Amino acid sequence: MDAAVAQALDRLAPAFRLSAAALRALADRFGEELARGLAGEPSSLRMLPTFARQPRGDERARVIVVDWGGTNGRVALIELRAQGRFAVDGEESFTFTDAEKVAPAAEVFDAIAAAIEQVVAGDRRTAFPLGLIYSFPARLERIDRAIALPLTKGWRPTGLEGADVVELLTAALRRHRLPNVVVRAVANDTVAPMVLQTYRARAADPDARPAEIGLILGTGTNQAADLPGAGIRNLECGNFDGVVAVETPYDAALDRALADPAPGAQRLEKMVSGHYLGEIVRRIVCDLAARGPAFAWFTAPAFRDPFGFESEHLSLIEADRSPTLEATAALLGQLGVSSSLEERRALRTVARLVAARSARLTAAGLVATLRRIDPALHARHTVAVDGSLYGGYPGYGDMVVAGLVDLAGAAAGRIELEFIKDSTGAGAAVITAVAAGKAETPPHLAPPHPKEGDA
Ligand code: BGC
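The structure is reproduced here in structure tokens:
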């Protein structure tokens with residue numbers, strides 16, 4: 000490796016390897032923002048009420064679930080069968096183009112309604128309750144009324160902000176002549192793994208403690224938390240701005256370069272989530288290329304064009320265990336790049352720094368939220384996690400755990416991270432079943448669950 004690049008990498012490392020002290024300061028700041036948000040004071044954490052409640056574990060229902068929060072969406076008919084089991088009867092996926100991200104919102108809801116029509120196979124008689132997972136910020140006024148706040152992840156459909164997403168979906172259902180499908184619940188995606196984990200645990204043991212945090216680490220990132228006295232809140236913590244204290248010039252430049260989300264918005268998400276990690280690496284590579292002869296291929300489209308290099312690529316590089324990084328060479332080859340081993344090693348170093356920082360920032364947010372629930376972290380706690388970054392990047396969970404240990408010492412051993420893949424469908428069904436009050440056991444016969452009163 001030429002000396003200039005080696006030196007640049009050495010300088011880069013400390014800025015990305017957040018020290019335990021830096022993490023603790025971030026967690027403290029996160030905790031302060033969380034308290035301010037809950038008190039209704041200005042805060043980068045919105046702490047939005049969800050009106051969702053923890054399940055008992057015996058709920059049964061047949062629910063149409065809709066999952067929309069990015070490029071790929073999904074509709075399914077899900078049957079909750081209690082005992083923690085569920086069946087998927089029908090399923091339709093859809094993909095939105097870049098143009099649809101800024102098109103009239105009705106187009107999105109029409110695409111969803113068309114998929115629902117497929118899933119119910121044209122059945123216009125059977126009454127179907129519907130649960131909508133809407134993975135953007137929204138201010139809920141009831142479990143079935145959600146006023147859209149400015150969107151994230153590069154979306155800005157017209158006519159959505161300020162409108163009730165349930166009303167928009169209901170109008171599309173009407174256009175598709177499906178009056179028998181009624182939206183009963185709307186929830187953020189973070190609530191889904193939380194309630195699904197609780198549902199499974201309580202199906203096995205009705206007295207099981209609930210999962211207290213639902214965490215998404217995918218295209219975007221966010222937490223929901225079941226907070227004493229406040230119920231289940233959607234933190235919208237991708238917007239946490241305390242991370243400015245540890246930003247690198249690459250983060251600052253990325254933040255300034257984007258119109259959606261606007262500069263200053265979604266600062267934690269821009270350093271943590273799958274939508275951005277590849278882009279941060281791309282920016283670093285371009286900078287290294289400017290310092291010496293290495294990475295002369297940075298003019299290839301994947302490195303020249305913003306967002307040309309993707310977070311999935313980082314996962315592939317991390318998974319490459321060959322001594323000469325053959326899988327990385329093949330990946331770069333597909334991107335039109337012929338690389339040297341030294342360049343591949345440098346790229347892997349950069350990718351690891353960026354991914355590890357993401358995991359450590361996540362740990363800081365988790366510890367801060369858990370301290371709000373249990374200041375000394377005496378008890379055991381469950382964090383239910385879903386998302387392609389957590390599930391797809393090799394060793395990501397271990398890096399989060401390492402951050403938890405730096406922050407909480409031995410207490411980190413009492414924090415369980417449960418990965419619940421594809422939680423949105425069954426999670427939405429649980430949320431809807433709870434909202435509809437459908438349970439196998441009538442409420443007066445159900446065993447008491449002290450936590451349930453919280454929401
Ligand atoms: C959205 C959140 C969502 C998260 C994960 C963020 O960009 O603002 O509402 O929970 O992505 O999908």
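Residue 0 is where the sequence shown starts when you use numbering that gives the first Met the number 0, and the numbers rise one by one after that.
For glycine and all other residues, C-beta sits at the position ideal for the given N, C-alpha and C.
This structure is a prediction, so every number in the text was calculated from the model and none was measured.
In the displayed model, Ser42 falls within coil according to three-state DSSP, outside both helix and strand. For the ligand BGC, no non-hydrogen atom lies closer than 7 angstroms to the CB of Asp385. Ranking Leu22, Ala162, Arg282 and Met270 by CA distance to the CA of Pro300 puts Arg282 first. In the three-state reduction of the DSSP assignment, Ser387 falls in the helix class. Relative to Gly390, the option among Ser314, Val353 and Val429 whose CA is nearest is Ser314.
About 7 angstroms separates the beta carbon of Arg16 from that of Leu352, a gap short enough to meet the 8 angstroms contact definition. If you look at Phe29, you'll find it in the alpha helix (DSSP H) that goes Ala19 to Leu37. Looking at the backbone, the Cα of Val433 and that of Tyr198 are separated by about 10 angstroms. Under a 10 Å Cβ-count criterion, Arg52 is classified as buried, with 16 or more other Cβ atoms of the shown protein chains found around its own Cβ. Beta-bridge pairing by DSSP links Leu79 to Ala60 and Phe85. Annotation for Asn187 indicates a beta carbon within 7 angstroms of some heavy atom of the ligand BGC. The ligand BGC approaches Lys152 closely enough that one of its heavy atoms is under 7 angstroms from the residue's Cβ.
Within its own chain, the residues whose Cβ lies closer than 7 angstroms to the Cβ of Ala203, once the five positions on either side in sequence are excluded, are Gly83, listed in chain order. In this structure the region 27 to 43 does not touch the region 311 to 329; the number of beta carbon pairs closer than 8 angstroms is below three.
Distances between the C-beta of Ser134 and the heavy atoms of the ligand BGC include at least one below 7 angstroms. For Glu415, there is no enclosing alpha helix (DSSP H); the enclosing beta strand (DSSP E) has its first and last residue at Ile414 to Phe418. Secondary structure at Phe108: helix, using DSSP grouped into helix, strand and coil.
Using a cutoff of 7 angstroms, the CB of Asn221 counts as near the ligand BGC, since one of the ligand's heavy atoms is closer than that. In this structure, the beta-carbon distance from Val280 to Val349 falls below 8 angstroms. Positions of the alpha helix (DSSP H) runs, each at least 4 residues long and wholly inside the region 152 to 240, are given as 164 to 174 and 190 to 203 in order along the chain.
The beta carbon of Tyr395 sits closer than 6 angstroms to the beta carbons of Ala358 and Tyr389 from its chain, once the five residues preceding and following it are set aside; these are given in chain order.
Residue side-chain check: Thr368 keeps its Cβ at 7 angstroms or more from all non-hydrogen atoms of the ligand BGC.
Taken in chain order, the unbroken stretches of alpha helix (DSSP H) that lie wholly in the region 245 to 309 and span 4 residues or more are 248 to 256, 266 to 271, 273 to 288 and 300 to 303.
Around the beta carbon of Arg123, a 10 Å sphere encloses fewer than 16 other beta carbons of the protein chains shown; the residue is thus reported as exposed.
Within the DSSP secondary-structure output, Ser92 pairs in a beta bridge with Arg73. Under the DSSP assignment, Arg344 falls outside any beta strand (DSSP E), being part of the alpha helix (DSSP H) whose first and last residues are Leu340 to Ile372.
Remark: the C-beta of Glu268 is in contact range of the ligand BGC, defined as less than 7 angstroms to any heavy atom. Nearest neighbour of Met46 by Cα position, chosen from Glu99, Asn221 and Ala362, turns out to be Asn221. Pro149 and Ala3 have their alpha carbons spaced roughly 43 angstroms apart. At least one heavy atom of the ligand BGC falls within 7 angstroms of the beta-carbon of Glu235. Counting only the Cα atoms, Gly436 lies some 40 angstroms from Glu311. Distances from the CB of Thr49 to the heavy atoms of the ligand BGC are all 7 angstroms or more.
DSSP lists no beta-bridge partner residue for Ala14.
The closest heavy atom of the ligand BGC lies 7 angstroms or more from the beta carbon of Ile430.
Per DSSP, Gly68 lies in no beta strand (DSSP E) and is assigned neither H nor E. For Ala410, there is no enclosing alpha helix (DSSP H), as DSSP gives it neither H nor E.
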